[in-house]
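Asker:
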Amino acid sequence: MPYSTDKSSHASRSLRKTARALGWFSIGLGLAELLAPRAMARATGLAGRTTLMQAYGLREIATGIGLLASDNPRPWLWARVAGDALDALTLASGAGRSNPLADHVSRSMKIAALVGALDVAAASMPDRRAFPDPEGRFDYSDRVGMAKPAEAMRGAASDFMTPHDMRDPDPLRRPTLH
Amino acid sequence: MKALCWHGKKDIRCDTVPDPSIEDGRDAIVKVTSCAICGSDLHLFDGFMPGMEKGDIMGHEFMGEVVEVGAENKKLKVGDRVVVPFTICCGECDQCRRGNWSVCERSNRNRKLADKLFGHTTAGLFGYTHLTGGYAGGQAEYVRVPYADVAPVKIPDGLTDEQVLFLGDIFPTGWQAAVQCDIQPTDTVAIWGAGPVGQFAIRSAVLLGARQVIAIDRVPERLGMAKAGGAIPIDFEEESVLERLAELTHGKGPEKCIDAVGMESHATRSIDALYDRAKQTVMLETDRPHVLREMIYVCRPAGVLSVPGVYGGLIDKIPFGAFMNKALTMRTGQTHVNRWTDDLLRRIQEGQVDPSFVITHTVGLEQGPDMYRTFRDKQDGCVKVVLKP
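Residue numbers (the working numbering), protein chains in the order written: chain W, 1 to 178; chain C, 1001 to 1389.
#1: Does the stretch 1376-1387 of chain C come into contact with the stretch 1348-1363 of chain C, if we say contact requires no fewer than three beta-carbon pairs (one atom in each stretch) closer than 8 Å?
#2: When you compare the stretch 1028-1047 of chain C with the stretch 1158-1172 of chain C, are there three or more beta-carbon pairs, one atom per stretch, that lie closer than 8 Å?
#3: Can you say whether C:Ala-1123 is buried or exposed, counting buried as having 16 or more other CB atoms within 10 angstroms of its CB?
#4: Whole angstroms are fine: how far does the CA of W:Met-125 sit from the CA of W:Tyr-56?
#5: Please return the same chain residues whose Cβ sits closer than 8 Å to the Cβ of W:Met-1, not counting the five positions on each side in sequence.
#6: Buried or exposed, going by whether 16 or more other CB atoms sit within 10 Å of the CB of C:Gly-1224?
#7: Under a three-way DSSP split, which group does W:Leu-101 fall into?
#8: Contact between the stretch 1061-1075 of chain C and the stretch 1096-1106 of chain C is defined here as three or more beta-carbon pairs at a separation below 8 Å; is this criterion met?
#9: Return no unless some Cβ of chain C is closer than 8 Å to the Cβ of W:Met-153.
#10: In three-state DSSP terms, what is C:Arg-1144?
#11: Using CA coordinates, which residue listed in C:Asp-1169, C:Met-1371, C:Gly-1209 is at the minimum distance from W:Phe-160?
#12: Taking the continuous alpha helix (DSSP H) assigned at C:Gly-1321, which residues delimit it?
#13: On a CA-only basis, which of C:Glu-1053, C:Tyr-1135, C:Arg-1098 is nearest C:Val-1336? Give me that one, please.
#14: Under 8 Å between C-beta atoms, does W:Ser-184 make it to chain C?
#15: For chain C, check one thing: does any of its Cβ atoms lie closer than 8 Å to the Cβ of W:Val-237?
#16: According to DSSP, is C:Thr-1362 helix, strand or coil?
#17: With 8 Å as the threshold, decide whether the Cβ of W:Met-166 is near any Cβ in chain C.
#18: Listed from N- to C-terminal order along the chain, which residues in the stretch 1224-1251 of chain C have their beta-carbon within a distance smaller than 7 Å of any beta-carbon of chain W?
#19: Would C:Gly-1284 count as contacting chain W if we go by Cβ distances under 8 Å?
#20: Taking Cβ-Cβ distances shorter than 8 Å, what residues in chain C pair up with W:Arg-137?
#21: Taking Cβ-Cβ distances shorter than 9 Å, what residues in chain W pair up with C:Gly-1364?
#22: What's the gap between the Cα of C:Phe-1048 and the Cα of C:Gly-1313?
#23: Using the beta-carbon count (16 or more within 10 Å), is C:Phe-1126 buried or exposed?
#24: Once you ignore the five residues that flank W:Lys-110 on each side, which residues in its own chain have a CB closer than 7 Å to its CB?
#25: Using a cut-off of 8 Å between C-beta atoms, extract the partners of W:Pro-181 located in chain C.
#26: At the 8 Å Cβ level, is C:Ala-1273 part of the contact set with chain W, yes or no?
#27: Thinking C-alpha only, which one of W:Pro-134, W:Ser-26, W:Thr-44, W:Asp-165 is nearest W:Gly-66?
#28: Can a CB atom of chain C be found closer than 8 Å to the CB of W:Arg-16?
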């Protein structure tokens, strides 16, 4: 029987795994923005904009829940990308020299750019396997390469003597206890 | 003659070049009847190995008929059918006399360059950069074989090219990878990479008596071939390698691990894989060592890591603390092909192994440039390409 993997059009395991990680990240960030808006606003260089911070926190939590709960996380990943763009615009509005926390804004913009790049990469991940074989042409399950089925060939080269320079010391050659 | 020549990154062409000639009394000229594209040729194709020059002839897996022999060569005669190992060996230096053929001290004619890069030279190789001698390779109609009175393996009648061609590299490489593990009957051997070398490592580990062999890859048809050879497949895009290995070894980890991947690992979505890609892009790292890291992490303490996969330069974030504290052993190196060829040729003749199982594509030399892409991208079910000049 050929080795087979599920090549369905559902999100691949990698996509699901990445979406799950980003979902928890969204929820964590959202809770911080919602529950500690003053500290978060100061950390990002946008001191005083606490209501905006809480609104963005709700947005993050909603996106996070979407990512964790949905069978198809891709729209929610693109929602994160849109949110990243909004974050970037908001941070840019606080980047003027008149802002005494301009260095915080600058640092936040770098982090936002990195997170944005990760979100775009995740949203662009392929659904389907990279090695399609819809007609099942590449079935190599009969290519044993040995005289008999593999199980019958186990240990068939026991006449071979491992050279001394490739042998383990005797204590390491003892049978493993399983 | 026609030959596949390197013209730059991702640029291989089938060119007309001058025929080779005898340059030394120990040389031979071989008319190539079959040659192959090796996974390590892809490192040159993708531009990860330095030291190639425009017009260099590719290829180090080839065989054919001897058509000319130097005056001092007492081993070969015109008409002999030979497989030529990819390592060029003088047969006389200290390393050759010890059987360490792949680190011959004399056959690299650019050894000063290699001395500077690696500390000491290694053997000359066919078609594999000027760091290893700048010798013309075997993806051509004819090849000059230096020191041809040492390494070439004479092939007896009755065996096809497809049965014996891989004695020059991938079969002994997979075999040595397993031999270096010093496999015991209770061992689990985990093999990363189910490409051609991985396939031979799987069968070698089975023949050498491993209790359990596990193959890790993401290409379904390669995993299917691995399963046919006796391996338990793990698709790393569908399953957690760490969890599956723990499950299959009762949480203890495999005793023996083989890296049949090397410098271009395609781990996806793991943090270290993203890190390697980023560092490689800005030239702060030459190779992507995800497999090495994972092997060190999963291997049972006091186990063995065998590394036939090719690495070219510098790697980063290797968990050497784990390597040291777990008392692991690592054995590596290019293959000492001639240590194994007599024994493996006998096993082929006796029918124990038929290496032709791995061939999925056979085409003319002029189709070689296209096949580099097909093989590199693992498209069309491609596992191993044989070229017929």
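In this text, a Cβ means the ideal position worked out from N, Cα and C, and glycines have one as well.
Answerer: Let's see:
#1: yes
#2: yes
#3: buried
#4: 26 Å
#5: A caution first: W:Met-1 carries a pLDDT of 45, below 50, which makes its placement in the model too unreliable to give a value.
#6: buried
#7: coil
#8: no
#9: yes
#10: strand
#11: C:Gly-1209
#12: 1320-1325
#13: Sequence check: residue 1336 of chain C is His here, not Val. When each option's Cα is compared against that of C:His-1336, the closest is C:Arg-1098.
#14: Here chain W comprises residues numbered 1 to 178, so residue 184 of chain W is not present and cannot be evaluated.
#15: Residue 237 of chain W lies beyond the residue range present for chain W, which begins at 1 and ends at 178; the question has no answer from this structure.
#16: strand
#17: yes
#18: Gly-1224, Met-1225, Lys-1227, Ala-1228, Gly-1229, Gly-1230, Pro-1233, Asp-1235, Glu-1237, Glu-1238, His-1250
#19: Looking at the sequence itself, residue 1284 of chain C is Leu, so the reference to Gly does not match. Closer than 8 Å: no.
#20: Gly-1381
#21: Near C:Gly-1364 there are no residues of chain W at all, since even the closest Cβ is about 22 Å away, more than 9 Å.
#22: 9 Å
#23: buried
#24: none
#25: This structure cannot speak to residue 181 of chain W, because chain W is shown only from 1 to 178.
#26: no
#27: W:Ser-26
#28: no
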